[in-house]
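Undergrad:
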Amino acid sequence: MSAASRSANAPPRLEPFRLRGANFNLLVLRLLDPRPEVVVPAIGDQFRRAPGFLRFAPIVIGLADLEGVAPGEVDFAGLAQGLRGLEIVPIGTTGGTPELRNAALAAGLPPLRQVGREGPDEPAPPPAAAEAPPPPGPVAVAPAAAARPALVVDQPVRAGQRIWAQGGDLIVTATVNAGAEVIADGNIHVYGALRGRAMAGGAQNTEARIFTMNFDPELISIAGYYAVRDGLAAAPLGRAVQVRLEGERMRFDPLG
Amino acid sequence: MAEVIVVTSGKGGVGKTTTSAAFGTGLAQRGKRTVVIDFDVGLRNLDLIMGVERRVVFDIVNVIQGEAKLNQALIRDKRVDTLAILPASQTRDKDALTKDGVRQIIEELSRDFDYILCDSPAGIEKGAMLALYFADQALIVTNPEVSSVRDSDRILGVLQSRSRRAEEKLGRVKEHLLVTRYDPARVERGEMLKLEDVQEILAIPLLGVVPESESVLRASNTGTPVILDAESIAGQAYKDAVDRFLGEDVPHRFLEPERKGLFRRLFGGRAA
Numbered sequence: 001m002s003a004a005s006r007s008a009n010a011p012p013r014l015e016p017f018r019l020r021g022a023n024f025n026l027l028v029l030r031l032l033d034p035r036p037e038v039v040v041p042a043i044g045d046q047f048r049r050a051p052g053f054l055r056f057a058p059i060v061i062g063l064a065d066l067e068g069v070a071p072g073e074v075d076f077a078g079l080a081q082g083l084r085g086l087e088i089v090p091i092g093t094t095g096g097t098p099e100l101r102n103a104a105l106a107a108g109l110p111p112l113r114q115v116g117r118e119g120p121d122e123p124a125p126p127p128a129a130a131e132a133p134p135p136p137g138p139v140a141v142a143p144a145a146a147a148r149p150a151l152v153v154d155q156p157v158r159a160g161q162r163i164w165a166q167g168g169d170l171i172v173t174a175t176v177n178a179g180a181e182v183i184a185d186g187n188i189h190v191y192g193a194l195r196g197r198a199m200a201g202g203a204q205n206t207e208a209r210i211f212t213m214n215f216d217p218e219l220i221s222i223a224g225y226y227a228v229r230d231g232l233a234a235a236p237l238g239r240a241v242q243v244r245l246e247g248e249r250m251r252f253d254p255l256g
Numbered sequence: 001m002a003e004v005i006v007v008t009s010g011k012g013g014v015g016k017t018t019t020s021a022a023f024g025t026g027l028a029q030r031g032k033r034t035v036v037i038d039f040d041v042g043l044r045n046l047d048l049i050m051g052v053e054r055r056v057v058f059d060i061v062n063v064i065q066g067e068a069k070l071n072q073a074l075i076r077d078k079r080v081d082t083l084a085i086l087p088a089s090q091t092r093d094k095d096a097l098t099k100d101g102v103r104q105i106i107e108e109l110s111r112d113f114d115y116i117l118c119d120s121p122a123g124i125e126k127g128a129m130l131a132l133y134f135a136d137q138a139l140i141v142t143n144p145e146v147s148s149v150r151d152s153d154r155i156l157g158v159l160q161s162r163s164r165r166a167e168e169k170l171g172r173v174k175e176h177l178l179v180t181r182y183d184p185a186r187v188e189r190g191e192m193l194k195l196e197d198v199q200e201i202l203a204i205p206l207l208g209v210v211p212e213s214e215s216v217l218r219a220s221n222t223g224t225p226v227i228l229d230a231e232s233i234a235g236q237a238y239k240d241a242v243d244r245f246l247g248e249d250v251p252h253r254f255l256e257p258e259r260k261g262l263f264r265r266l267f268g269g270r271a272a
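Residue numbers (UniProt numbering), protein chains in the order written: chain A, 1 to 256; chain B, 1 to 272.
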């Protein structure tokens, strides 16, 4: 929609580059065995039947299953070389102990952080992941999945309009009218009345929340769990509210 | 260059054609060269409401298809000499309208007129899309009623995304809210939406509130735009709206229920 203020590509560009956050769908190769000489041939066997399936595919190496493995025991350089030999491109690691990640980093495989998950893969950084202070050590250089720009909408979202903040948060500084639909893979903030439909958290981000100054929706959904207006009799309608998931139940808490 | 103003609402029966006739006449009375185009091809009501139905020879479809010149199809109003009407066709359907055809007509009219009012049909189909496509400004006609407000909201979204100004990034279409058939007594009884509620949902500047009035039906039936009836409160409200549109600071009227005195109560006086 034209009202969205994310596009700013006016022609005369002076700067040579721009740094932007973005999300990518990547395959994770979870190591169950630390030895490249075991892993690499096994991958080769598996994908020989489907040649080209992983050709030049960027892949993230999952370290979560290597519990109790000392960093010296894993030959990351050899692993990376073996994978490249199969035309698979390792780009980083996820999960595992800080020692293992440092060892991988030394071999040119930086640790990546998974979006919307602070679960077992991460050694519990504090909440509010985007602004979280970086973990100690070289882990601080985590390149991908840093703060994603939120989609900001400064005009009323009107009946029949649908706004989707792909891969991030959606902030509407006006009202979302009945018959309109706002969707975000992250959180949804409405600094006006929410009278239409709001769907946060995409398909699986159960941590996503919806905030509004005046809670009066037609439908509300987080990570696929939803409630229609008829099911909101007990919710604090007409007030400032935040919505979140608690297990499989939706919770409506008054704000302020 | 003329300003192109679309009179639209989404919903039918809220007063688009009444507004087009009254507002167009009002602008012309103020000395602005004004033409009102009926985009409701297939129904054709504007010429009736403006009292020129017996003078229709050619229509907008004839002009688009090259069967008549624009000047042959334009009907000059006999009451206000700066006012003209381009009628719709009753025998064709809306597919006879094309974007290029409408563009040519508007370009040609731009040379001779200050304001081009496009009276949109109801709905969001082709006729309505073409009526709003070339608009610089929009009069959003809304009744104080939930479905009318919802449809107006929808049309505002379409204006922002699918008008020429939106597509060619020429800046926003300037929007004006005109609440019609407003009955303060029924609002007070909770039977109609309050003006503030309508404004809160649509969030565009208020140009005017036209009260429900019997004079509107009378005006339609006699083919006299209601703004020409100086006694009518609806006509006065339209005149206020035209004045505001032209930049004057006019306070809003007719927002409170009329308190009937004993005399009027006894003799059943009604709003003129």
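C-beta atoms are modelled at their ideal positions from N, C-alpha and C, and glycine is treated no differently.
Since we're looking at a predicted model, the values are computed, not measured.
I'd like to know whether the C-beta of A/Gly160 is nearer than 7 Å to at least one C-beta of chain B.
TA: yes
Undergrad: Relative to chain B, which residues along the region 153 to 184 of chain A have a C-beta separation below 9 Å, given in chain order?
TA: Per Cβ criterion, the list reads Gln155, Pro156, Val157, Arg158, Ala159, Gly160, Gln161, Ala174, Thr175, Asn177, Ala178, Gly179, Ala180.
Undergrad: Straight-line CA distance for A/Glu99 to A/Val40?
TA: 23 Å
Undergrad: At a Cβ threshold of 7 Å, is B/Arg154 touching chain A?
TA: It does; some Cβ of chain A falls within 7 Å.
Undergrad: Under the three-state reduction of DSSP, which class applies to A/Phe252: helix, strand or coil?
TA: strand
Undergrad: Beta-carbon separation of A/Pro156 and B/Ala138 under 7 Å?
TA: no
Undergrad: In chain A, which residues lie less than 9 Å from B/Ile60 when you measure between Cβ atoms?
TA: Residues of chain A passing the Cβ test: none, with the nearest at roughly 27 Å.
Undergrad: For residue 301 of chain B, go through chain A and note every residue whose CB falls closer than 7 Å to its CB, in chain order.
TA: Because chain B here runs from 1 to 272, residue 301 of chain B falls outside it and cannot be looked at.
Undergrad: Can you give me the C-alpha to C-alpha distance between A/Arg229 and B/Glu188, rounded to a whole angstrom?
TA: 28 Å
Undergrad: Keeping to the same chain, check which residues put their C-beta closer than 6 Å to that of B/Arg186; ignore five residues upstream and five downstream.
TA: Met192
Undergrad: Between B/Ile201 and chain A, is the shortest Cβ-Cβ distance under 7 Å, so that the two count as touching?
TA: yes
Undergrad: I want to see whether chain A comes within less than 7 Å of B/Arg259, judged by CB atoms only; does it?
TA: no
Undergrad: Using the Cα positions of A/Leu32 and A/Thr206, report the straight-line distance between them to the nearest angstrom.
TA: 28 Å
Undergrad: Tell me, please, which residues DSSP counts as bridged to A/Val176.
TA: A/Val157, A/Leu194
Undergrad: For B/Gly157, go through chain A and note every residue whose CB falls closer than 7 Å to its CB, in chain order.
TA: Arg158, Ala159, Gly160, Gln161
Undergrad: Curious, which full-length alpha helix (DSSP H) runs of at least 4 residues does the region 152 to 179 of chain B contain?
TA: 164 to 167
Undergrad: Please confirm if B/Arg150 has its CB atom under 7 Å from at least one CB of chain A.
TA: Chain A contact via Cβ: present.
Undergrad: If you draw a straight line from the alpha carbon of A/Gln161 to that of A/Leu237, how long is it in whole angstroms?
TA: Taking the straight line joining both Cα atoms gives about 23 Å.
Undergrad: Since B/Leu159 contacts B/Leu132 with CB under 8 Å, what's their CB separation in whole angstroms?
TA: Rounded, the Cβ-Cβ distance is 6 Å, consistent with contact.
Undergrad: Per DSSP, B/Asp119 is paired with what?
TA: B/Val7, B/Asp38
Undergrad: Could you pull the DSSP bridge partners for A/Ser221 from this structure?
TA: A/Met199, A/Tyr226
Undergrad: Please say whether A/Gly82 and A/Pro111 have beta carbons closer to each other than 7 Å?
TA: no
Undergrad: Given that a residue counts as buried once 16 or more other Cβ atoms are within 10 Å of its Cβ, and exposed if not, what is B/Pro35?
TA: Residue identity check: residue 35 of chain B is Val in the sequence provided, not Pro. Label assigned to B/Val35: buried.
Undergrad: Just to confirm, are A/Gly192 and A/Asn177 a CB contact at a threshold of 7 Å?
TA: no
Undergrad: Give the secondary structure of A/Glu67 by DSSP, where H, G and I count as helix, E and B as strand, and everything else as coil.
TA: Per DSSP, reduced to three states, the secondary structure at A/Glu67 is coil, with no helix or strand assignment.
Undergrad: So the beta strand (DSSP E) A/Met213 belongs to, where does it begin and stop?
TA: 210 to 215
Undergrad: Taking C-alpha atoms, which residue in B/Ala2, B/Glu53, B/Pro121, B/Ser110 lies nearest to B/Gly42?
TA: B/Pro121
Undergrad: Alpha carbon to alpha carbon, what distance is there between A/Leu232 and B/Ala2?
TA: Each residue's Cα considered, the two are about 51 Å apart.
Undergrad: Find the nearest neighbour of A/Arg20 within the set A/Arg148, A/Phe76, A/Ala223, judged by alpha-carbon distance.
TA: A/Arg148
Undergrad: In terms of residues, what are the limits of the beta strand (DSSP E) holding B/Arg218?
TA: Run containing B/Arg218: none in the beta strand (DSSP E); it sits in the alpha helix (DSSP H), 214 to 222.
Undergrad: When burial is assigned at 16 or more other CB atoms within 10 Å of the CB, is B/Ser147 buried or exposed?
TA: exposed
Undergrad: Grab the span of the alpha helix (DSSP H) containing B/Ala185 for me, first residue to last.
TA: 184 to 188
Undergrad: Mind checking which residues open and close the alpha helix (DSSP H) that includes B/Gln199?
TA: 195 to 202
Undergrad: For a quick check, are the C-beta atoms of B/Ala28 and B/Val63 less than 7 Å apart?
TA: no
Undergrad: Return the CA-CA distance between B/Ile105 and B/Asp249, expressed in angstroms with no decimal places.
TA: 34 Å
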